[in-house]
Each structure stands twice: as structure tokens, then as C-alpha cells.
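Residue numbers in the sequence shown follow the numbering used here, run continuously in steps of one, and reach 308 at the last position.
Structure, as C-alpha cells:
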Amino acid sequence: MLAEQGLLRADDTKSNTVGGKSPIRPNIDASRPFASRQSHFPAAAKRVVVIFCSGACSHVDTFDYKPELIARHGQPLPGADKLITFQGEQGNVTQSPWKFQPRGESGKMISDLVPHLGALADDMCFIHSLKGKTNTHGPGENYMSTGFTLDGYPSIGAWTTFALGTENDNLPSYVAIPDPRGTPQNSVNNWGPGFLPAAYQGTDFNTSLPIRNLARPESIAEASDKKTRDFLKRLNDRHLERFPGDTELAARISSYELAAKMQLSIPEVRDLSTESASTLAMYGADDAQNT
């Protein structure tokens, strides 16, 4: 919707500027949408990894110690006598079946369910002030990934890529690695661009073959493959000149160009044989059940 109105278009800056600077978008070169951009403050992190486990174990069973649950165990939930859930009528308050104990020098209360996590208590930051607007998986995943329960909003990775770009030129700036057993209930919305240009959506990796269809078939010669790509680029560029607001086409063109670079860089990136034994152990890659 915003792109339709010109708010996010690189060729339309007059209607959305105050004092010559856009309040909602960085200065983006449409021909280089992923170019690194200066942030408001010096960056403290080089990369961000978000591990989101949809439907995972409860916070009250892991690191959110609730003494009141123990005190009220077996009692009806106060004020919820007429509350009906998907599972039927509301049950009684139940304490966690796992024992909590203080961990590390900080004394952070963490349950026996995650003892290895407890060993890292002093190296972690726990935020207990978050709350959600839904207890349903689909809208809840939206809320986690975008800040809204409804579809159509950019994921946090899309916003980050849109705002900061990337320093590398040969790999995707934003990657999603879904569970190999299946995508989340809300599927690609979890790493989608929403109303931002389609170029800022996450690139879907998988564990067996990180990038599908990256390498050309052996039956197609390299020279022939290059001619085909060059021809497609000319067609796409011509079409983009006619429809400059088509962000999906712009994203497709950008993805073709990136794919050509990735054919050289991805094999090196996915090769774990050069990693040290300590690094593999730290990520659990030396454990057969994790691979």
C-alpha cells in the first residue's frame, strides 16, 4: 500500500520529506537496494541470529520463575470462572513440574529442564516484560515476527535489511532457515517483506541443500547458461523501465544477479570442514542427532 503511494519509492522523495530528509526510509539507491547504509548510531553487532521456536516449551517451565504459581497450585484461576478456551472450560492453576534453582553468580532462577542453559545464565539477558495479544499460533507468530497479529507487515529481518543494507555483496543479507520437518504455521510471513519492496524478504535456506536450483544442470553448457541469463536481464530491465513501481520484478532482477554471485560463494560458506573442532562442538555440529 505504501509503495503504491510512493512513500517507499526511490524516485519519489518530495511528498514524504521534512527538511529534505525522509522520516520513514533511508536514502536507498534503487539499483543497489542492499548497499550498506549509515545507521544513526555506531553498530555494536555484526550480525543478528533469531532462534524462534513456535509452540516450544513454556517460559514458566524454563526461565520465568513464578512463586505465585506454586502458592496457588490446584486453585481455580482468579476471575476466570466464566472463561472458555479452545480446550474447553478453564482448569486450575498448575505449578511447573520442574524445580527451579539459582544459576551463576547472578542467581537467575532457571529450571532443571534446561540445565545447560543454566550454566550460561551470566552470559544471557532475560526480558520478562513482554506480553502478547493472542494465544493462537498463526497470529502469535505474526506478532513475534512483525509486531502485529495481522498479515501484511514486514518481518523484523526485512525492516533491518531495509534500514541498514548489508556489507557483503555475494550472499543474501537476510536468511531464513525453517525447521526441516516443516515451515511454521504462518509460513513465509515470518520472514516476508510485508508492504516493503519484495527485495527485502528473507532468502529461504534448507538443511540438505541450502539454496535450491543454485547450480546449473550438467546438461546445460556454461556459455549457454550465461547467454540465457543475459537475455533475461535485458527483458527484465526493459519491463522495469515500463513499470518502475513493480517491486516484485525489481526483487526478481536483484535475485538473479545475487544468484550468479552465490554460485561462487555458497560452496565455500557451506563447507564446514575448515571449521575448528571447538567451533563445531560449540554449535553442536559434532553431534550426529543434530545433523
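Note that the Cβ used here is the ideal one computed from N, Cα and C, for glycine as well.
**Item:** Buried versus exposed, by CB contacts within 10 Å (16 or more), Arg251
**Value:** Here Arg251 is exposed, its C-beta having fewer than 16 other C-beta atoms within 10 Å.
**Residues that DSSP places opposite Ser341 in a beta bridge** = Nothing can be reported for residue 341: it is not among the residues displayed for the chain, which extend from 18 to 308.
**Asked** With a CB to CB cut of under 8 Å and the five nearest residues on each side skipped, what residues in its chain are close to Tyr300?
**Response** Closer than 8 Å at the Cβ level, and outside the excluded window around Tyr300, lies no residue.
**Prompt:** Does DSSP classify Ala294 as helix, strand or coil?
**Reply:** The three-state secondary structure of Ala294, taken from DSSP, is helix.
**Request:** Please report the Cβ distance between Tyr191 and Ala175, rounded to the nearest whole angstrom; I am assuming they are in contact, meaning their Cβ atoms lie under 8 Å.
**Result:** For Tyr191 against Ala175, the beta-carbon gap comes to about 7 Å, under 8 Å, which counts as contact.
**Asked** When the distance is taken between beta carbons, is Tyr160 closer than 9 Å to Gly211?
**Response** Not a contact, by the Cβ cut-off of 9 Å.
**Request:** Starting from the C-beta of Leu266, find all residues in its chain whose C-beta is less than 8 Å away, skip the five residues before and the five after it, and write them out in chain order.
**Result:** So the qualifying residues of the chain are Asn253, His256, Leu257, Phe260.
**Item:** Range of the contiguous alpha helix (DSSP H) that encloses Ile87
**Value:** Here the alpha helix (DSSP H) through Ile87 covers 84 to 88.
**Message:** In the DSSP output, which residue or residues are listed as bridge partners for Met141?
**Reply:** When DSSP reads this structure, Met141 sits in no beta bridge, so it has no partner.
**Prompt:** In chain order, what residues of the same chain have a beta carbon less than 8 Å from the beta carbon of Leu86, not counting five sequence neighbours either side?
**Reply:** The beta carbon of Leu86 sits closer than 8 Å to those of Val77, Val110, Thr111, Gln112, Ser113, all from its chain and outside the five residues before and after it, given in chain order.
**Message:** The beta strand (DSSP E) that contains Lys125, what's its start and end?
**Reply:** Counting along the chain, the unbroken beta strand (DSSP E) around Lys125 starts and ends at 125 to 128.
**Prompt:** So Pro119 and Lys125 are in contact, right, with Cβ under 8 Å, and what is the actual spacing, rounded?
**Reply:** Right, the Cβ-Cβ distance comes to about 7 Å (below 8 Å), so this counts as a contact.
**Prompt:** In angstroms, rounded to a whole number, what distance separates the CA positions of Trp115 and Glu122?
**Reply:** If I take the Cα positions, the gap works out to 21 Å.
**Prompt:** Looking at the structure shown, is Glu235 part of a helix, part of a strand, or coil, going by DSSP?
**Reply:** Coil.
**Asked** Taking all protein chains shown into account, do 16 or more other C-beta atoms lie within 10 angstroms of the C-beta of Asp303, making it buried, or fewer, making it exposed?
**Response** Answer is exposed; the Cβ neighbour count stays below 16.
**Asked** With DSSP run on the structure shown, which of helix, strand or coil describes Ala60?
**Response** In the three-state reduction of the DSSP assignment, Ala60 falls in the coil class.
**Prompt:** Should Pro189 and Gly219 be called a contact, given that it needs their Cβ atoms to be closer than 9 Å?
**Reply:** It is a contact, given that the beta carbons lie within the stated cut-off.
**Asked** If you drop the 5 nearest sequence neighbours on each side, which residues of the same chain put their C-beta closer than 7 Å to that of Gly157?
**Response** Counting only Cβ-Cβ distances below 7 Å, and skipping sequence neighbours, we find Gly149, Thr151.
**Asked** Near Gly3, what residues of its chain come up, given a Cβ to Cβ distance below 7 Å and the 5 sequence neighbours on each side ignored?
**Response** The displayed coordinates of the chain run from 18 to 308. Any statement about residue 3 would go beyond what the structure contains.
**Asked** Should Pro201 go down as buried or exposed, given a rule of 16 or more other Cβ atoms within 10 Å for buried?
**Response** By the 10 Å Cβ count, Pro201 comes out buried.
**His154 beta carbon less than 9 Å from that of Asn203** = Contact: yes.
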